[in-house]
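74 is the number that the working numbering gives to position 71 of the sequence shown; each next residue is one higher, with no gaps. Beta carbons are placed, not taken as given, at the ideal position from N, Cα and C, and that holds for glycine. Keep in mind the model is a prediction, meaning the values are calculated, not measured. For reference, the structure discussed in these notes is given below.
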Amino acid sequence: MLALLAATACVQADVARKRFEIARQPAAAGLNEFARQADITLIFSYDLVAGAQTRALKGEYSVGEGLRRLLVGTALDYQQLDDDIFSICRMPSCGPSSPAQVNDWAEQRSESDTEWRKTSSAPSQ
């Protein structure tokens, strides 16, 4: 029974790792290539990554480890929004990183936007 559980854990760990072959290049191109090879959605602003260079990435890594290695030496970081959705942000202002935190943040943002609309649409005196 334990051998079966260990074998299952190894197979699951192998599934989480992906093979990457990405050359050092401008960040926009490197991030797009990473997203293609990782089969994920990667959200970022081209203005945000302009001027940054990503490192070469060769080998097998989890998506998170691959992104970390790709972004070393830049002022960029990432946050995971869902199982296969990631966003690129500038350090240290990435914001919430877990899906629950993202949902809480979105709800708070929605509430503050509604409050702002209420106050900004009030007649001025």
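Q: Classify THR44 as buried or exposed, calling it buried when 16 or more other Cβ atoms lie within 10 Å of its own Cβ.
A: The residue you call residue 44 lines up with position 41 of the sequence shown. With fewer than 16 Cβ atoms within 10 Å of its Cβ, THR44 is classed as exposed.
Q) CB-CB under 8 Å to GLN40, same chain, minus the five flanking residues each way: which ones, in chain order? A) To locate residue 40, count along the sequence shown from 1; it is residue 37. Here the set comprises LYS21, ARG22, PHE23, GLU24 and ILE25.
Q | Unbroken beta strand (DSSP E) run spanning ARG93, endpoints | A | What you label residue 93 is simply residue 90 of the sequence shown in a count that begins at 1. Run containing ARG93: 88-93, per the beta strand (DSSP E) assignment.
Q. Mapping DSSP to helix, strand and coil, what is PHE23?
A. Residue mapping note: residue 23 aligns to position 20 of the sequence shown, counting from 1. In this structure, PHE23 counts as strand in the three-state DSSP scheme.
Q) Where does ALA19 land, buried or exposed, given buried means 16+ other C-beta within 10 angstroms? A) Stepping through the sequence shown from its first residue, residue 19 is reached at position 16. Flag for ALA19 reads exposed.
Q) So what does DSSP say about GLY76, is it helix, strand or coil? A) Here residue 76 corresponds to residue number 73 of the sequence shown, with the count starting at 1. The answer is coil: DSSP assigns GLY76 none of H, G, I, E or B.
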